[in-house]
Amino acid sequence: MLSAFIMILSPLLGVMFVNLIPLYSFVLIEIGLEIIAVLAIYWINFQFIDAASTDEPPEGILLMFKKGLSFVGKSKKLIFTLFFSMMINFLFGAINVGIPFVQINVLHFPTHIYGITEAILSIGMILAGLVLSIRKAIKHPLLSTWWMINMFGLLFILLGVFLSFQLDRFYAILLISSFNFLIGAVITWTNVPLTIWMTKEIPIQLQGRTFHLLNTGGQLLAPLGILLFSVLFDFYASFIIFIIAGICILLITIIYPAIFKIDLRDTTLLTEKEKAR
């Protein structure tokens, strides 16, 4: 709950401090807080609970990595998840770059409005998490995630269409706030069911390395997406970029399951044939 409040307050406090404190002082405060965080982590006792004694020698990092990679390579669904997330995170550069760019350079929002709209994204994530926590478990998490990715594409397209019109300040703020809220909700609705499903299906002893591989691999193309969209927003109209990015997301969600021959209703991580490899 504390982290949820921090997600909401951090953009608002950041805007307030930037307006009240000179940039030089703000940077020094940031450096000081980072040093305090590093020292706090250094002083954490990670051996508070003794590890279970065993006669087997501990596995090396390279061997653990190979086992995790081998497990991911066995499952067509995990490979699909990895490549699918790589492409979506690449296209998500349109949001990471485009939303701040549009608010500041196109719609000319003041800093306090920018902080509020950023906080609304966190509110959407938190409320979606609360809804998921009180509703029944999703029967087909892969299919649910697939539908949510489609929602990303539709939201991108709708944002681009609305940005093609000249909007008054009030309607522009309402548009960006609504978009951020829905994007935050869809992010949570995408990640939570998928994570719960993988936690249930992946053996406990392989979960750490498997999640690490999927998370790291899924982010591989994200820097390239940010670089590409940083250039595109300097040369092309923002609404066109959002519409094209949304269409690309919809095309990927339609094509990828067919390419990998994935049954999105099937919740089995490994088929009998894949287990026998």
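Okay, so the sequence shown: first residue is 12 according to this note's numbering, each after it adds one.
Positions of the beta carbon are idealized from the N, C-alpha and C atoms, including for glycine.
Residue i classed as buried or exposed, judged by whether at least 16 other C-beta atoms fall within 10 angstroms
i, result
"F246", "exposed"
"T156", "buried"
"S36", "exposed"
"N226", "exposed"
"Y125", "buried"
"L279", "Before going further, note that residue 279 is Thr rather than Leu in the sequence given. The residue in question, T279, is exposed, as its Cβ has fewer than 16 Cβ neighbours within 10 Å."
"P152", "buried"
"T264", "buried"
Extent of the continuous alpha helix (DSSP H) run through residue i
i, result
"R276", "Here R276 belongs to no alpha helix (DSSP H), and DSSP marks it neither H nor E."
"H119", "Segment: none, H119 is in no alpha helix (DSSP H) and carries neither H nor E."
"P234", "233 to 246"
"P111", "104 to 112"
"L224", "215 to 229"
"S155", "152 to 174"
"A148", "Note, A148: premise wrong, no alpha helix (DSSP H); not H, not E."
"S36", "34 to 53"
"I184", "180 to 212"
Sequence-distant residues of the same chain with beta carbon closer than 8 Å to residue i, five excluded per side
i, result
"L132", "N191, F192, I194, G195"
Cβ-Cβ distance between residue i and residue j below 7 Å
i, j, result
"A130", "I19", "yes"
"G228", "L93", "yes"
"F82", "L185", "no"
"G164", "G257", "yes"
"T206", "I213", "no"
"S188", "T128", "yes"
"L174", "S241", "no"
"G79", "L231", "no"
"I149", "P204", "yes"
Neighbourhood of residue i by C-beta distance below 7 Å, restricted to the same chain and skipping five residues each side
i, result
"T201", "T156, M159, I160"
"L154", "L275, R276"
Contacting residues, own chain, Cβ-Cβ under 6 Å from residue i (five flanking each side not counted)
i, result
"S96", "G229"
"F91", "F271, I273"
"V26", "T122, H123, G126"
"G291", "This structure cannot settle anything about residue 291, because the visible part of the chain is limited to 12 through 288."
(message) Under 8 Å, with one C-beta from each stretch per pair, do the stretch 259 to 272 and the stretch 126 to 145 reach the 3-pair mark?
(response) no
(message) Does the contact criterion of 3 or more C-beta pairs under 8 Å hold for the stretch 177 to 193 versus the stretch 107 to 120?
(response) yes
(message) Within 8 Å, do at least three Cβ pairs link the stretch 94 to 105 to the stretch 244 to 262?
(response) Contact between the stretch 244 to 262 and the stretch 94 to 105 is present, because at least three Cβ pairs lie under 8 Å.
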